[in-house]
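All remarks here apply to the structure that follows.
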Amino acid sequence: MTATFDFSGQRVFVFGGTSGINLGIAKRFAEAGAAVAVASRSQEKVDAAVAELTALGSESVGFALDVRDAEAVASALEQHGAPIDVLVSGAAGNFPAFANDMSPNGFKSVVDIDLLGSFHVLKAAFPYLKKPGASVINISAPQAFVAMPMQSHVCAAKAGVDMLTRTLALEWGPAGVRINSISPGPIADTEGMRRLAPNEKIAEQYKGSVPLQRFGSAGEIGDAAMFLSSDAAAYISGVVLPVDGAWSVSGAGAAALAMAQQHARS
Ligand code: COA
Ligand code: NAP
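The numbering of the sequence shown is our numbering, which starts it at 1319 and goes up by one.
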């Protein structure tokens, strides 16, 4: 069952919103009546996402940009203009690799997209956020607080993202802007899980390690994003909300370790 929220007349901007979890979030807001803008690197993916959101009845626009390029991010936000009721920062990169096998540039590329890119998005968007009332959501990951082998870059980057969330909740609270992180567990049919669980055996191990015994869906992350952006969450800011079937409580580290052991053997 889909949760019901009404975002009619609101403007939502999802960075990294052209596939996977973030597109799932964008689609939920579109279904709830919002005008949804998306941005990512590939013009083809941007066009496809805008077409999908338009088909859902949303007044949708898209921007092809790299969040590592602060000027491009600022220019898209200027073109889009104010007000932004809901801002989602979810662009990210990931590949499984042991730290010893990773070049400095490999580590840097993920930190630059996830952490520095989030800073670019958040800082450039602030002047356009509805004040008071805007909701900002950073898409984090369990790697931010559960150490996982082959994920040193993501662990470092997403821990930084969560501290950005907490710090900006302090700095932006007086302006009436709320900011929270959502930390999704393993989500079905996503690029992230294709990379972390590259075969059926590893995918089953991951699934079994989730206390709810299944992968989540992008729509379920969208439901959490709508809740956090709704009046029902008007006093919630500065939190990191796991939406993960209790995976981060105990299963995450074990599943990742099993994956790393298999990679090491292969
Ligand atoms: N193992 C080790 N290093 C890797 C790697 C892997 N599997 N994949 C990429 N790298 C390294 C590259 O070798 C390069 O380092 P080098 O210059 O020292 O050789 C560095 O990472 C950057 O790679 P490049 O392909 O030039 O970066 P990019 O900016 O085009 O792409 C990535 C960024 C690497 C994160 C890419 O995987 C990406 O675009 N991901 C987006 C989609 C995604 O990851 N989705 C999951 C959601 S989190
Ligand atoms: P995905 O489909 O690859 O989503 C990543 C999105 O970001 C895409 O739209 C991608 O589009 C965009 N992007 C990547 N690099 C970018 C850059 N440099 N500049 C601008 N846009 C960029 O992967 P996903 O698995 O759904 O992950 C989405 C988010 O959820 C990420 O923040 C990830 O860390 C988080 N997460 C995922 C899982 C999971 O189970 N999948 C679990 C926990 C957290 P382009 O290629 O066009 O740029």
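Glycine included, each C-beta is placed from N, C-alpha and C at the ideal position.
Nothing here was measured: the structure is a model prediction, and the numbers come from that model.
Proximity to residue i [Cα-Cα], best of the options
{"i": "residue 1409", "options": "1480, 1400, 1432 and 1353", "result": "1432"}
{"i": "residue 1300", "options": "1356, 1473, 1535 and 1532", "result": "Residue 1300 is absent from the structure shown; the chain starts at 1319 and stops at 1584."}
{"i": "residue 1348", "options": "1359, 1495, 1368 and 1361", "result": "1368"}
{"i": "residue 1443", "options": "1579, 1458, 1541 and 1391", "result": "1391"}
{"i": "residue 1327", "options": "1343, 1378 and 1554", "result": "1378"}
{"i": "residue 1375", "options": "1345, 1358 and 1365", "result": "1345"}
{"i": "residue 1524", "options": "1413, 1573, 1497 and 1417", "result": "1573"}
{"i": "residue 1469", "options": "1522, 1543, 1557 and 1413", "result": "1413"}
{"i": "residue 1495", "options": "1384, 1555 and 1576", "result": "1555"}
{"i": "residue 1362", "options": "1463, 1511, 1337 and 1429", "result": "1337"}
{"i": "residue 1541", "options": "1343, 1439 and 1521", "result": "1343"}
{"i": "residue 1521", "options": "1559, 1539, 1497 and 1577", "result": "1577"}
{"i": "residue 1386", "options": "1545, 1463 and 1441", "result": "1441"}
{"i": "residue 1466", "options": "1568, 1384 and 1512", "result": "1568"}
{"i": "residue 1509", "options": "1340, 1438, 1582 and 1492", "result": "1340"}
{"i": "residue 1479", "options": "1491, 1437, 1419 and 1358", "result": "1437"}
{"i": "residue 1562", "options": "1434, 1548 and 1539", "result": "1539"}
Whether residue i touches residue j by CB criterion (8 Å)
{"i": "residue 1566", "j": "residue 1460", "result": "yes"}
{"i": "residue 1530", "j": "residue 1564", "result": "yes"}
{"i": "residue 1352", "j": "residue 1329", "result": "yes"}
{"i": "residue 1457", "j": "residue 1407", "result": "yes"}
{"i": "residue 1455", "j": "residue 1543", "result": "yes"}
{"i": "residue 1570", "j": "residue 1464", "result": "yes"}
{"i": "residue 1485", "j": "residue 1558", "result": "no"}
{"i": "residue 1398", "j": "residue 1331", "result": "yes"}
{"i": "residue 1373", "j": "residue 1428", "result": "no"}
{"i": "residue 1546", "j": "residue 1498", "result": "yes"}
Sheet register partners of residue i (DSSP bridge)
{"i": "residue 1560", "result": "1501"}
{"i": "residue 1447", "result": "1402"}
{"i": "residue 1330", "result": "1354 and 1404"}
{"i": "residue 1455", "result": "1406 and 1498"}
{"i": "residue 1382", "result": "1358"}
**Request:** Taking 5 Å as the limit, tell me which residues put their C-beta closer than that to any heavy atom of ligand 1, in chain order.
**Result:** 1410, 1411, 1412, 1413, 1415, 1421, 1423, 1424, 1427, 1509 and 1510
**Request:** Evaluate contact between the stretch 1494 to 1507 and the stretch 1532 to 1542, counting only Cβ atoms and requiring at least three cross-stretch pairs below 8 Å.
**Result:** yes
**Asked** Using 8 Å as the threshold, is the stretch 1445 to 1456 in touch with the stretch 1395 to 1407, meaning 3 or more CB pairs across them?
**Response** yes
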